[in-house]
Amino acid sequence: MQFSALHRVTPFLLLIVVAGFSHKAAANHSDRGYDYVNVPPVEWAPCFQDFGPFECAIYQVPLKHSKKSKYFYVNGYEPGIDLALIRLPASDQANKIGSLFLNPGGPGGSGVSFVLNAANLLYTPEVRARFDMVGVDPRGIGQSTGLSCYTSFDHLDEFFALQPFPQTVDEIFQQIRFDKSLRKNCKRNAGPILDHMTTADTARDMDILREAVGDKGLTYAGYSYGSFLGVTYANLFPKRVRALIVDAVLDPISWTTGRRFDKGLPVSTRVRSDAGAQDTLGEYFRLCDTAGVPRCAFAGNSSERFAALVEKLKAEPVTIVFPDGSELVVDNALLISATLNTLYNPFAWFLLANDLAFVEQLATTTTLSSNFSVFGTELGRMPNPDLVPQTIEGFPGVLCSDSDNPDNPFVWAFAGEISERKFGYFGKPWTWASSPCAKWPGSKKSRYAGPFTRKTANTVLVTSTVYDPATRYEGAVTVDKLLPDSHLLTVEGWGHTTLLLSDCATQIGADYLLHGTLPGRTSTCRQDFPPFFLDPGEVFGASAAASAQGLEAETQSLESSAEADAAAVSNRDAVAAERAEIMRAIMDSRSTYGKR
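With the sequence shown counted from 1, adding 2 to any position gets you this note's numbering.
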């Protein structure tokens, strides 16, 4: 998933969302028993030959899935939409098992780009030999029939002027205005696809594609938001699951409806990525100080120094002038956003440390530099134009169609304040990520909001790192408990998804995909190379303890949900008072804002 997609030009792998039906109503929309007839095979053609033996295709699926017209090719009258597909053919076609469908997350991530750039690295040579690696741009995304809300580029100046996340009253109203304009343009210009952007729609597309490539059962691996797509498929089509991996896992109940004690909150608050990110930041500081200089340039009381740097840049931002004359203003919001983005990738943690140390020692507010690693490169001084439609339209198109959210946009303001007070720096960035969802104009009728407890034909493999700044470990534990036949694989490590972190986890995943074999009820692997080039022996004692504590804490949390509900109800007056205080502070400043 991507982070704070509407609040900074660079997409982050994020997550967040909710649904809206009761479980009973949602179940009436499930595709149990759907059998698509006369499904044409995919017609592949060579593409991107400079990168490898890739093949591409455009495949049509129904705009609207229904029991009355199971597949639009049956009668030729149902409107269809195009899906863009790519595959890296299995290198051993004579012994091919089938197709491995891959989804990189988002929502809004391109499966085509993911396979083109990463398929040669995933899992093991034997997996790549025996599976066609297939990527799909989901409906509304990338090269598939797109969700397009704008007829010109006039909105981009307003978009680029947004802060990574609102902090001041003026910035709050600026974000609310942009969100309102986005919704207005989507309602006016997007067309019928706006009402058919749910994850359940994509899962139904995927079931058609499964049959179109000739597979009786689905083999799938989904990461971040792709985990919710996988869980949705498993519950819509449980008998068609051959092998299904969900990695960096979203809690599907938080993503859709929420639970009784948090139903009124934005989805991006309910998922509690703020807590996971803050825990991961704590590990960043711990491991940085353990590594010391020069392995971590920011070592030595790094937590206290970071807090001081945030306050310094809040009061007096720094302007970096690059050799080409372009400038980058580094304030506390950019510092926090760049830090969160970098926490996704533990192999880049030392680069962030270099930038933090550099900014900390600046004596002037304007400095010439070409040495930025994360601020100047990973966030970027110029947006990638190919990603702009994904972040502005595609991300909320799926997110808001899947989820229940408040109608009042000011709820995001007080939810962000409360989240920041409880979980630190990342409370506001994560909360505001879903702000376009207030009064989203797209329909939720086709979504699936549970139950998420159907028994699948084969075991589902659920994987997660212990310290994930986007999809926290508790999401994997929750899904493992919800699905009757699942296996939880914990990677004692850091970062978003377990990909390329652990040979142990990679081999378990490969054996599962190839043969359906798994270790015992649960299994644990360690990250092969800890951040900051630390020796594994220096860090894993504490990490293992944290893993066990996290599992135990989540178990206790799930078993005591009734007590949590009761506590939330008893605390209702205090929460209401806190909300009222924050709302008064915002609205009292409205007169100042209105004069501008």
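C-beta: ideal position from N, C-alpha, C; glycine also.
For a test of the three-state rule: what should DSSP assign to residue i, helix, strand or coil?
| i | result |
| --- | --- |
| A547 | In this prediction, A547 scores a pLDDT of 48, lower than 50, which makes its location untrustworthy; no coordinate-derived value is stated. |
| V136 | strand |
| S466 | strand |
| A459 | coil |
| D52 | coil |
| R272 | helix |
| G113 | helix |
| F103 | strand |
| V215 | coil |
| L196 | helix |
| L520 | coil |
| R574 | Reliability of the predicted coordinates at R574 is poor, the pLDDT of 45 falling under 50, and the value obtained from them is presented with this limitation in mind. Three-state DSSP puts R574 in a helix. |
| E45 | coil |
| P532 | coil |
| G224 | strand |
| G302 | coil |
| L553 | Confidence in L553 is poor, its pLDDT being 48 and thus under 50, which makes the residue's placement unreliable; the coordinate value appears in the next sentence. Reduced to three states, the DSSP call for L553 is helix. |
| E329 | strand |
| Y152 | coil |
| E422 | helix |
| A472 | coil |
| P438 | helix |
| P64 | strand |
| L16 | Model confidence at L16 stands at a pLDDT of 30, short of 50, so the residue's coordinates are unreliable; what they give is reported in the following sentence. Coil, per DSSP. |
Taking the continuous beta strand (DSSP E) assigned at residue i, which residues delimit it?
| i | result |
| --- | --- |
| H489 | S488 to W496 |
| D84 | G82 to L90 |
| T524 | T524 to R528 |
| R190 | No beta strand (DSSP E) contains R190, which is instead part of the alpha helix (DSSP H) from V171 to N191. |
| Y346 | Where Y346 is concerned, there is no enclosing beta strand (DSSP E), given that its DSSP letter is neither H nor E. |
Using only alpha-carbon positions, find the residue among the options that is nearest to residue i.
| i | options | result |
| --- | --- | --- |
| L484 | R297, R274, G396 and A236 | A236 |
| W442 | D409, Q95 and R474 | D409 |
| D404 | T367, Y346 and D203 | D203 |
| C527 | A507, P538 and E540 | A507 |
| Y450 | C188, G426 and D406 | D406 |
| F56 | P48, D207 and K98 | P48 |
| P91 | F162, N122, C439 and S448 | N122 |
| A205 | D253, L65, S504 and A120 | L65 |
| R132 | I394, Q145, D94 and D249 | D94 |
| N105 | T519, G518, G522 and T499 | T499 |
| F287 | G278, G302, D482 and D156 | G302 |
| Y469 | A120, T341, A459 and D281 | D281 |
| D487 | L520, F50 and V273 | L520 |
| L85 | N119, W46 and S305 | W46 |
| L401 | K98, I420 and A440 | A440 |
| G444 | K186, R244 and I420 | K186 |
| P268 | L118, F53 and P411 | P411 |
For residue i, is the classification buried or exposed, using 16 other Cβ atoms within 10 angstroms of its Cβ as the cut-off for buried?
| i | result |
| --- | --- |
| S328 | exposed |
| V114 | buried |
| Q529 | buried |
| G418 | buried |
| V295 | exposed |
| P532 | buried |
| K70 | In this prediction, K70 scores a pLDDT of 49, lower than 50, which makes its location untrustworthy; no coordinate-derived value is stated. |
| R574 | Below a pLDDT of 50, predicted positions are generally treated as unreliable, and R574, at 45, falls in that range; no measurement from the model is reported. |
| S154 | exposed |
| K446 | buried |
| H517 | exposed |
| T455 | exposed |
| G142 | buried |
| N386 | Confidence at N386 is low in this model, with a pLDDT of 48, below 50, so its placement is unreliable and the value that follows should be read with caution. The residue is exposed, with fewer than 16 neighbouring Cβ atoms inside 10 Å. |
Just confirm the distance between the C-beta atoms of residue i and residue j, as a whole number of angstroms; I'd bet it's less than 8 Å.
| i | j | result |
| --- | --- | --- |
| L246 | L211 | About 15 Å separates the two Cβ atoms, so there is no contact after all. |
| A415 | Y125 | A415 to Y125, Cβ: 44 Å. No contact. |
| K430 | Q169 | 7 Å |
| D276 | F428 | 5 Å |
| V320 | T271 | Contact flag wrong, Cβ pair sits at about 31 Å. |
| F609 | R297 | This structure leaves residue 609 out entirely; the chain is present only between 3 and 598. |
| I322 | L330 | 5 Å |
| L87 | V138 | 5 Å |
Just reading off the alpha helix (DSSP H) that residue i is part of, what are its end residues?
| i | result |
| --- | --- |
| R132 | P127 to R132 |
| Y514 | D505 to H517 |
| Q280 | S275 to A293 |
| D357 | W351 to E362 |
| L267 | Counting along the chain, L267 falls outside any alpha helix (DSSP H), and DSSP gives it neither H nor E. |
| R244 | Element bounds for R244: not the alpha helix (DSSP H) but the beta strand (DSSP E), V243 to D249. |
| C402 | F397 to D404 |
| P254 | P254 to W257 |
| A163 | L158 to A163 |
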